[in-house]
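A.B. asks: Residue numbers (my numbering): 37 to 293.
There's a structure below that I have some questions on.
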Amino acid sequence: MGYEHILVEIDAPIATVTLNRPKVLNALSPDLILELTTALSELDADENVRAVVLTGGPTVFAAGADIGDMADRGPVDQLLRDQTGRWAPLAGFSKPLIAAVNGYALGGGCEVALMCDLIVAGETARFGQPEINLGIIPGAGGTQRWPRTAGKHVAMEVMLTGAPVTAQRAYEVGLVNKVVPAEMTVEVARRLARQVAEKAPLAARMAKEGVLKAFESPLSEGLASERKSFYFLFATDDQKEGMHAFLEKRKGSFKGR
Ligand code: CAA
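Written out as structure tokens, the structure is:
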């Protein structure tokens, strides 16, 4: 499928998806969301792709939902098109997903970054939830993922003041994994993606599932689920390969089977 608002580059085993509406700072219009979630569903199904980098390019990640598109809508319009529920293929993406963020990641843009598994931030990155300035609140997970990631008080600060935090502060509160010079952001994210893509894909999938489960379940349930995934992985060829490669002092080669 050809896309108008995003670019998709596959360089197996990784892929890079770039938001591409620079004139409106990659504002997340319904068409962009449809393209992005369609592309992600395709990449999730593509066995040659083992990790994905999501970026907005060199200057901006995304300045949030498209305000022009929302300004005159009513609640029923919003409910019927389920604007923020449409992010499910991103939140439920089964492979490691790495956000490479330069410049503004605001509103829905910040929430998209928070749905990713790792975040590499350029020094210019700014993470914020300015919805309060528009008379609304975040609608794509911001009020839930910020406190689970950075704690209550930082979450309250960004929600209530609407002011973004710098890349360095985001690093200090555990929101991002690395801060790098802006011109290096995508490259560092790709390096991380390649590193992850060398690992056993089913193990990566279950590790990701396990960590996400920790946000959603009591400890005993999360531990039970982890144990099942752990035992399941002993049914895979990659477990045999990984352990025998270790014993034979060679590097494992994983097939995702
Ligand atoms: N929606 C639509 N258009 C947007 C936009 C958005 N979220 N953000 C920026 N743009 C447009 C601007 O209207 C402007 O268009 P024109 O050139 O046609 O005037 C263009 O992008 C460039 O923006 P600015 O001139 O404003 O650039 P700036 O550098 O002066 O400021 C900014 C940058 C601080 C990010 C500012 O654009 C801004 O505050 N944007 C809105 C951020 C925001 O409120 N995001 C939350 C949206 S609500 C949401 O996301 C809900 C949710 O949870 C799902």
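Built from N, CA and C at the ideal position, the CB exists for glycine as well.
If you're wondering where the values come from, they're calculated on a predicted model, not measured in any experiment.
(1) By Cβ distance, which residues of its chain are closer than 7 Å to Phe129, with the 5 residues on each side in sequence left out?
(2) Going by DSSP, which residues form a beta bridge with Gly158?
(3) Between the Cα of Gln231 and the Cα atoms of Leu61, Ile69, Arg86 and Gly145, which residue gives the shortest distance?
(4) Closer than 7 Å: is that where the CB of Glu147 sits relative to any heavy atom of the ligand CAA?
(5) May I ask you to verify whether the region 97-116 touches the region 138-151, counting CB pairs closer than 8 Å and requiring at least 3?
(6) Grouping DSSP H, G and I as helix and E and B as strand, with all else coil, what is Val89?
(7) According to the Cβ coordinates, are Val44 and Val53 closer than 8 Å?
(8) Suppose contacts are defined by Cβ-Cβ distances below 8 Å. Is Val89 in contact with Ile50 by that definition?
(9) How about Asp80: is its Cβ closer than 7 Å to a heavy atom in the ligand CAA?
(10) Can you grab the Cα-Cα spacing for the pair Gln180 / Asn169, in whole Å?
(11) His41 and Glu71: beta carbons closer than 8 Å?
(12) Using a Cβ-based criterion (distance less than 7 Å to any ligand heavy atom), does Glu167 qualify as near the ligand CAA?
(13) Can you give the Cα-Cα distance for Gly63 and Thr95, rounded to whole angstroms?
(14) For Gly210, which residues of its own chain have a beta-carbon under 7 Å away from its beta-carbon, when the five flanking residues on both sides are left out?
(15) Regarding Leu115 and the ligand CAA, is the C-beta to nearest heavy atom distance less than 7 Å?
(16) Tell me the residue span of the alpha helix (DSSP H) that contains Glu45.
(17) Using C-beta distances below 6 Å, list every residue in its chain close to Phe290, excluding the 5 sequence neighbours before and after it, in chain order.
(18) Evaluate Tyr267 with the Cβ neighbour count: other Cβ atoms within 10 Å of its Cβ, from every protein chain shown; 16 or more gives buried, anything less gives exposed.
(19) Can you find a heavy atom of the ligand CAA that lies under 7 Å from the Cβ of Leu321?
(20) Could you check whether the Cβ of Leu68 sits closer than 7 Å to any heavy atom belonging to the ligand CAA?
(21) Where does Leu196 sit, in a helix, a strand or coil, going by DSSP?
C.D. replies: Reading from the atomic positions:
(1) Taking the sequence shown and counting its residues from 1, one reaches residue 129 at position 93. Cβ neighbours of Phe129 beyond the five flanking positions: Leu76 and Asp80.
(2) On the sequence shown, residue 158 is found 122 positions in, with the first residue counted as 1. Gly158 is bridged to Val216.
(3) Position 195 of the sequence shown, counted from the start, is the residue given in the question as residue 231. Ranking Leu61, Ile69, Arg86 and Gly145 by Cα distance to Gln231 puts Arg86 first.
(4) The residue you call residue 147 lines up with position 111 of the sequence shown. Inclusion of Glu147 in the 7 Å shell around the ligand CAA follows from its C-beta lying nearer than that to a non-hydrogen atom of the ligand.
(5) yes
(6) Your numbering for residue 89 matches position 53 in the sequence shown. Note: Val89 maps to strand in three-state DSSP.
(7) Translated into the one-based positions of the sequence shown, residue 44 becomes position 8. Translated into the one-based positions of the sequence shown, residue 53 becomes position 17. Contact annotation: Val44 and Val53 have beta-carbon atoms nearer than 8 Å.
(8) For the purposes of this step, residue 89 is identified with residue 53 of the sequence shown, where counting begins at 1. For the purposes of this step, residue 50 is identified with residue 14 of the sequence shown, where counting begins at 1. Their beta carbons are under 8 Å apart, which means Val89 touches Ile50 by this criterion.
(9) If you number the sequence shown from 1, residue 80 lands on position 44. No.
(10) Translated into positions along the sequence shown, residue 180 becomes position 144. Translated into positions along the sequence shown, residue 169 becomes position 133. Taking the straight line joining both Cα atoms gives about 19 Å.
(11) On the sequence shown, position 5 is the one that residue 41 refers to. On the sequence shown, position 35 is the one that residue 71 refers to. Taking 8 Å as the Cβ cut-off, His41 and Glu71 qualify as a contacting pair.
(12) Along the sequence shown, read from residue 1 onward, the residue named residue 167 stands at position 131. Proximity of the beta carbon of Glu167 to the ligand CAA is indicated: a heavy atom of the ligand is located closer than 7 Å.
(13) As a position in the sequence shown, residue 63 is number 27, starting the count at 1. As a position in the sequence shown, residue 95 is number 59, starting the count at 1. The amino acid occupying residue 63 in the given sequence is Ala; Gly does not appear at that position. Near 13 Å, if we compare the C-alpha coordinates of Thr95 and Ala63.
(14) Reading the sequence shown from its first residue, position 174 is the one you call residue 210. Exclusion of the five residues before and after Gly210 leaves Thr185 and Ala186 as the residues of its chain whose Cβ lies within less than 7 Å of its Cβ.
(15) What you label residue 115 is simply residue 79 of the sequence shown in a count that begins at 1. In this structure, the C-beta of Leu115 stays at least 7 Å away from each heavy atom of the ligand CAA.
(16) For the purposes of this step, residue 45 is taken as the residue at position 9 of the sequence shown. Run containing Glu45: none in the alpha helix (DSSP H); it sits in the beta strand (DSSP E), Ile42 to Asp47.
(17) For the purposes of this step, residue 290 is identified with residue 254 of the sequence shown, where counting begins at 1. Result list for Phe290: Ala236 and Asp274, in chain order.
(18) Here residue 267 is taken as the residue at index 231 of the sequence shown, counted from 1. That one is exposed.
(19) In the structure as shown, the chain begins at 37 and stops at 293. Residue 321 is therefore absent and cannot be evaluated.
(20) As a first step, residue 68 must be located in the sequence shown, where it is residue number 32. Flag unset: Cβ of Leu68 not near the ligand CAA.
(21) Within the sequence shown, numbered from 1, the residue matching residue 196 stands at position 160. Residue state, collapsed to three classes: helix.
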